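Notes to accompany the following structure.
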Amino acid sequence: MASLWAVDDEATQQLMIQFYQNLKQGMTKRKALQQAKLKLIKDHPFYWSPFVLIGDAR
Numbered sequence: 003m004a005s006l007w008a009v010d011d012e013a014t015q016q017l018m019i020q021f022y023q024n025l026k027q028g029m030t031k032r033k034a035l036q037q038a039k040l041k042l043i044k045d046h047p048f049y050w051s052p053f054v055l056i057g058d059a060r
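The sequence shown maps to residues 3 to 60 in the numbering used here.
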């Protein structure tokens, strides 16, 4: 995962926590990031968009 621009630390922490929780539930990386972004967009509409997966998204 990479960020395309500088992002607020607290928002990044929230996204990463949700991302890894989603992975632990068995989601693919792509789905885990999507769900984490959807959760974050409600609280921080600006901070969800810079994150992208690099490499195999499974």
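All C-beta atoms in this analysis are idealised placements derived from N, C-alpha and C, irrespective of residue type, glycine included.
The structure presented is a predicted model; accordingly, all values stated were derived computationally and were not measured.
For residue i, the nearest candidate out of the options (CA to CA)
i: Gly57; options: Gln20, Thr30, Gln37 and Tyr22; result: Thr30
i: Lys41; options: Arg60, Asn24 and Asp11; result: Asn24
Same chain only: Cβ atoms within 6 angstroms of residue i, ignoring 5 sequence neighbours per side
i: Trp7; result: Pro52
i: Trp50; result: Lys39, Leu42 and Ile43
For residue i, three-class secondary structure by DSSP
i: Ala13; result: helix
i: Phe21; result: helix
Cβ shell of residue i (< 7 angstroms), same chain only, five flanking positions each side left out
i: Phe21; result: Ala34, Leu35 and Ala38
Start and end residues, alpha helix (DSSP H) containing residue i
i: Leu35; result: Lys31 to Asp45
Contact under 7 angstroms by Cβ, residue i with residue j
i: Ala13; j: His46; result: yes
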